[in-house]
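Each protein sequence line maps, in turn, to chains V and P. Take the first sequence: its letter number 95 is residue 95 in our numbering, and every next letter is one higher. Take the second sequence: its letter number 344 is residue 1344 in our numbering, and every next letter is one higher. Report on the following structure.
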Amino acid sequence: MKDKEILSVEKYRSDIYQALSSCYNPPEKGISDVLKRLEAGLCATGSNAVSQVVVMRSELNTGVTVDDLKIQFAKLFIGPYQLLAPPFGSIYLDGKHQIMGDSTLDVVKRYSAAGLTVDESFKNPPDHISAELEFMHVLIIEELNCLHKGCADEAVAWLVKQLEFLDSHLGQWIDAFTGLTIQKTQLPYFKYLAIATRQFIKEEMQWLGETMADWHARSETMAG
Amino acid sequence: MDREKKVRKSLMKDFLGNINLSRRSFIKASATTGAAVAAGSGLSFELKALAASTGAKGNGMGQWLPATCQGCTSWCSKQVYIVDGRAVKVRGNPHSKVNMGAGCPRSHLALQQLYDPDRIKSPMKRTNPKKGREEDPKFVPVSWDEALDTIADKIMELRNNNETHKYMLMRGRYSYMRDVLYDRMTKIIGSPNNISHSSLCAEAEKFGPFYTEGIWSYRQYDVLNAHYVLLWGADPLAANRQVSYYSKVWGDVVDKATIAIVEPRLSASAGKADEWLPIKPGQDGALAVAISHVILAEGLWYKPFVGDFKDGNNLFIAGQTVDEEAFEELHTNGIVKYWNLELKDKTPDWASEITGIPAEQIYRVAKGFGLAAPHAISWLGGGPCMQVRGGYTAMAVHALNGIVGAVDNVGGTLKANKEYTSKFPKPDDFMDDIAKKGKKHEKIDQRGRLHIPCLKSGKPGGAVITNNSADGILNDDPYEIKVAIGYMNNFSFSAPQPERWERALSKIPFLVHITTNASEFSWFADIVLPDTHHMFEKWGYVKAIGNGYRHVTLMQPIVKNVWDYKIDETEIPWLLAEKLAERGFDNLLRHYKTYKDPETGKEPSSDKEFALYSLKYATQQLWDPAKYKGGDKFDGWEAFRKTGVWNSDPYPFRKRWGKMKTKTGKFEFYSETLKAALEKHAENHGVGVDEVMKATHYLARGERAFIPHYEEPYILGDEKEYPFIHVDHKSRLNREGRSANCTWYYDFKDLDPGDETWDDVAKINPLDAKKFGIQSGDRIKISSPTGSLFCTAKLWEGVRPGSVAKCYGQGHWAYGRLASKKFGKEARGGSSNDLIPAQYEALSGSSAYYAVTRIKIEKV
């Protein structure tokens, strides 16, 4: 029974990452469904970010159109003029306001180590926030698959990869990125998206950190 | 919420606690987890950004791949170090005999341009129908399909309404694949309006060489064999052309030759010269004719080229006319006429008063230059001739090369070597009646009207007059422009008096802009299409000359594209041709399908294939051994592609003496070629040549219209209100822009003499500054009769009193995070073009940038 509950919770985690990843693609008509999934996941995992998503959904019901979202999304994350909130890790981690920095190559290596590459149809740098969120989604799915198969040791290894990735990449720049988004957006929708993203990533880092610390402590005891 | 969190934590803790997992088995597990995606797993992913890896992983090892730099118009062959698909560093291509492995600062800036987060990432569509500088375009991303469908619909509307002439293509920076988009597409659609940027670039500079020796082109200079190099507003260590080559050899040139430079400000090259002649802006023609006077009066002309007096006595005596019969000319035409009509009274004393250069210095430079004949170069830059009355200065400066026999000679001035690229297939068979009729209309730039003869290569109305197109559009004269495409251009920044372009572009109902960074031009566009970067992402080629060679250097896609761009000159027109074919007009697509792969004979079936095949087609004679005609020999396309550059045979000196492409076949001091062109233009308008002179702001009347001569400069603004003459100049870090969003541009801005890092300064002589109470660091407003800008004052002895020098390049109000101070609102620095009026050297069509306006300065 407990195993089933774990599988369920982990599936929600993976759903949240996937939904958040979608939120950082140009808004389309199906955005309401994405937000519903996001809200459900955050509710099920007990995230404090859920309240922000509730507000985002209400924004959609109060006259903000998908076209409005698209215009604001472009200004924040695409351009074509100066990006108000560049959604690329290297901008924040390499300190040169350039894409494709050393940190980007490290992201590619981590994707590769997990058997992944950037899809040909994905026309953005590998450290675009939607790719990094999707990577987390994959890492959790892999963990789930191991759990399904009863390969607990491999599941733990995937958990470690999740923590390492957040610690080295997304978790390192999420504050700066969401800070810019909050500061620059003229639509509250993106402010709440940024707060929700930041809140969730912080919770994830804390939860994964504590969980792995517990496991490490126990491993040390067993080894001793 | 807290309850769920606690439950979740406890669940995982319990789970992990129950795992009998040793550290050793965990390490083993860690090592195997990577294969999971590729091996397949129970739960499936819904991936958008990522995919299972099937290809080879990067190994971190780099390689140097061939490329081409278009940071300016030197067009150097390059190599780029690529690691795992990422460009890391740049160096000169050692295989080029033109730039010989050398580089300059611009090429490195390309790396920052490539990975600029402000680049256009996908096609964008304007959602705000209102246009204007104050109107936010509200761009949203769209698919390539949607963007191209929209453009094709607009073109079809013109075709269906028999008004294809209302289509316009504006060309900025180009490769020699240009004709695919610029020429063939425009013609087959049915418009006369392929408008290039060339007259913003240098047409007046080509005017001098053409109407003396018949080459409408840039020259190269045999500096390593020269004994005297006399530079006129040219700054080869900093700007245009072959900066890398000249930078590499200049140390030797300094050792071997005397270098003198005529320029109102101390340029990078002036800093290395033996003589600096800080001339009053606009007076170059006076100096050129005075130097010519001295050389003739001193008997220093090069007799094996020009000829001599029949009795051997020099009759060129100041103030005296000479009997033409007394002189026997060899390879030139009209030396005595030139003396009689212009030179005989133009002594150093006369020129000194006009130019502000001491007579002794004029005499010293003239004599030194003459004594060095024929290994003496008179090197014409844009400054002396891109002026309202600069056409005859261009001739006078270039005529010096004729006088000293430096033309086509060792240690002299040379034309381009032969190369063997091919033109694309002709469009004629694909132009239907609509297209043929449409193309017959007058062009929107109004070239060829009485006041703008634009006499390219001897043909009235032959040259573009780019900046005048704005007026054509604004006044619907000769008609309205309804659909326009611009590529790699930014006329609303790079053309003088750019506010006119802002209004003109706002007026065009449907405007498309293809470019790498959204600019002041894109601001007015309905569709913005992301372009590839010339150095890393594009198939193409360019040609350049220097060091006695010509090279053809390839542009290749050598990095992994990060965003969703396409090649401006090939992929985009192909995709548009497909869209037009879907709408029942397949002429363009059928035409493009004739650009077959020379290796396989296969016709292109996609944009990618078209981009590659068309390049192979154009360059086949360089790489196909069966078609070999000269220069470097390759054993096939792959060998050429890997080397990245083809070199011509060495320069054949003196082959053109007596066979120049002028009316007389000779070097013309009395230009029968110009006479014919002017008379033809006058005849077209039913007037005499004197009326043409008057209409084009020239003072010459009668025979003087056909010889090089001095004309008082035509400078806008009253001296009392506007006490300074504006001196525009170019940076070492750009020539045409596109550096303004790079940090290195600002970090290294002090590479331009007198300039400061992270600032945009106007350089003012301390003597002038004292009179006006201005100090370095003061924020100032500079105004001309047609506009103003804000920048910082810099007191600098390197600028002539009475003039103020300011570098072109900054002052963007759009273009990116760095380029503007407050995006869309406040420019970083000021753009010279906001001061410069829209004036022309009308005989060539060239925009006038130099000695064209007076300015005033106010502290703010």
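Backbone N, C-alpha and C fix where the C-beta goes; we use that ideal spot for every residue, glycine too. Since the structure is predicted, the reported quantities are computational estimates derived from the model, not experimental observations.
Neighbour list for residue i in chain P, Cβ cutoff strictly below 7 Å
| i | result |
| --- | --- |
| LYS70(V) | VAL1140 |
| VAL9(V) | ARG1008 and LEU1011 |
| GLN82(V) | ASP1118, GLY1816, ARG1817 and PHE1823 |
Assumed close pair residue i, residue j - CB separation to whole angstroms, cut-off 8 Å
| i | j | result |
| --- | --- | --- |
| THR1594(P) | PRO1425(P) | 5 Å |
| GLY1448(P) | GLY1461(P) | 2 Å |
| ILE6(V) | LEU1011(P) | 5 Å |
| PHE165(V) | MET136(V) | 7 Å |
| THR1757(P) | VAL1180(P) | Wrong, their Cβ atoms sit about 41 Å apart, outside the cutoff. |
| ALA1297(P) | PHE1316(P) | 5 Å |
| ALA1819(P) | ARG1828(P) | 6 Å |
| TYR1849(P) | MET1386(P) | 5 Å |
Amino acids of chain V, ordered along the chain, whose beta-carbon sits closer than 7 Å to that of residue i
| i | result |
| --- | --- |
| ARG1126(P) | Within 7 Å Cβ-Cβ: nothing; ARG1126(P) doesn't reach chain V, min ~10 Å. |
| TYR1115(P) | GLN98, ILE99 and MET100 |
| GLN1112(P) | GLN98 |
| LYS1680(P) | Here the premise fails: no neighbours, minimum Cβ distance about 46 Å. |
| MET1012(P) | ILE6 and THR211 |
Residue-level contact to chain P via CB, residue i, 8 Å cutoff
| i | result |
| --- | --- |
| GLY79(V) | yes |
| GLU39(V) | no |
| SER32(V) | no |
| PHE190(V) | no |
| GLN162(V) | no |
| THR45(V) | yes |
| ALA217(V) | no |
| ASN25(V) | yes |
| TRP207(V) | yes |
| THR62(V) | no |
| PHE88(V) | yes |
| LEU105(V) | yes |
| ASP15(V) | no |
Closest Cα partner of residue i within the set the options
| i | options | result |
| --- | --- | --- |
| SER1844(P) | ARG1171(P), ASP1728(P) and GLY1208(P) | GLY1208(P) |
| GLN186(V) | ALA74(V), GLU164(V), SER8(V) and VAL54(V) | ALA74(V) |
| ILE1357(P) | ILE1291(P), PRO1304(P) and ASN1340(P) | ILE1291(P) |
| ASP991(P) | ALA1618(P), ALA1577(P), PRO1598(P) and PHE1585(P) | Lying before the first or after the last residue shown, residue 991(P) is absent from chain P, which here runs from 1001 to 1860. |
| ILE1782(P) | ASP1568(P), LEU1767(P), GLY1811(P) and ARG1800(P) | GLY1811(P) |
| PRO1192(P) | GLU1797(P), MET1168(P) and ASP1255(P) | MET1168(P) |
| TRP1379(P) | GLY1370(P), LYS1367(P) and VAL1397(P) | VAL1397(P) |
| THR181(V) | LYS4(V), PHE77(V) and TRP207(V) | PHE77(V) |
| SER1244(P) | ALA1373(P), ALA1326(P), GLN1070(P) and TYR1745(P) | GLN1070(P) |
| LYS1616(P) | GLU1668(P), GLY1777(P), TRP1574(P) and LYS1423(P) | LYS1423(P) |
| LEU1529(P) | VAL1088(P), PRO1123(P) and ARG1091(P) | PRO1123(P) |
| GLU1712(P) | GLU1353(P), GLU1826(P) and LEU1795(P) | GLU1353(P) |
Interface residues of chain V facing residue i [CB-CB closer than 9 Å]
| i | result |
| --- | --- |
| THR1743(P) | LYS96, HIS97 and GLN98 |
CB contact check: residue i to chain V, cutoff 8 Å
| i | result |
| --- | --- |
| ARG1023(P) | Legend: pLDDT at ARG1023(P) = 48, less than 50; position of this residue unreliable, no value from coordinates given. |
| GLY1062(P) | no |
| ARG1816(P) | A small correction: the amino acid at residue 1816(P) is Gly; Arg does not occupy that position in the sequence shown. With 8 Å as the cut-off, GLY1816(P) counts as an interface residue toward chain V. |
| PRO1129(P) | no |
| LEU1016(P) | yes |
| SER1606(P) | no |
| ALA1036(P) | Residue placement at ALA1036(P) cannot be trusted, given a pLDDT of 49 that sits under 50; what the coordinates show is reported in the next sentence. Yes, its Cβ sits closer than 8 Å to a Cβ of chain V. |
| GLU1004(P) | yes |
Partners in chain V for residue i, counting only beta-carbon separations shorter than 8 Å
| i | result |
| --- | --- |
| LEU1050(P) | TYR111, LEU116, THR117, VAL118, ASP119, PHE122, ALA131, GLU134, PHE135 and VAL138 |
| LEU974(P) | Absent from the model: residue 974(P). The displayed extent of chain P is 1001 to 1860, so no value can be given. |
Interface partners of residue i on chain P, CB under 8 Å
| i | result |
| --- | --- |
| ASP67(V) | THR1127 and VAL1140 |
Residue i beta carbon near the ligand MN (any heavy atom closer than 7 Å)
| i | result |
| --- | --- |
| LYS1437(P) | With respect to small molecules bound, the structure shown includes none, and the ligand MN cannot be examined in it. |
Quick one, which residues of the stretch 120-134 of chain V are near chain P if we go by CB-CB under 9 Å, in chain order? Against chain P - using a Cβ distance shorter than 9 Å - the residues of the stretch 120-134 of chain V are GLU120, SER121, PHE122, LYS123, ASN124, PRO125, PRO126, HIS128, SER130, ALA131, GLU132, LEU133 and GLU134.
Quick one: which residues of the stretch 1500-1520 of chain P get their C-beta closer than 7 Å to a C-beta of chain V? List them in chain order. So the close ones are ALA1518.
Scan the stretch 1556-1570 of chain P for residues whose Cβ lies nearer than 7 Å to a Cβ of chain V and list them as they occur along the chain. VAL1562, TRP1563 and ASP1564
For the stretch 1143-1173 of chain P, enumerate the residues whose C-beta is nearer than 7 Å to any C-beta of chain V, in chain order. none
If the cut-off is 9 Å on Cβ atoms, which residues from the stretch 164-191 of chain V count as contacting chain P, listed in chain order? none
Just by C-beta distance, which residues in the stretch 1521-1548 of chain P are closer than 7 Å to chain V? Taking 7 Å as the Cβ-Cβ cut-off against chain V, the residues of the stretch 1521-1548 of chain P that qualify are SER1522 and VAL1528.
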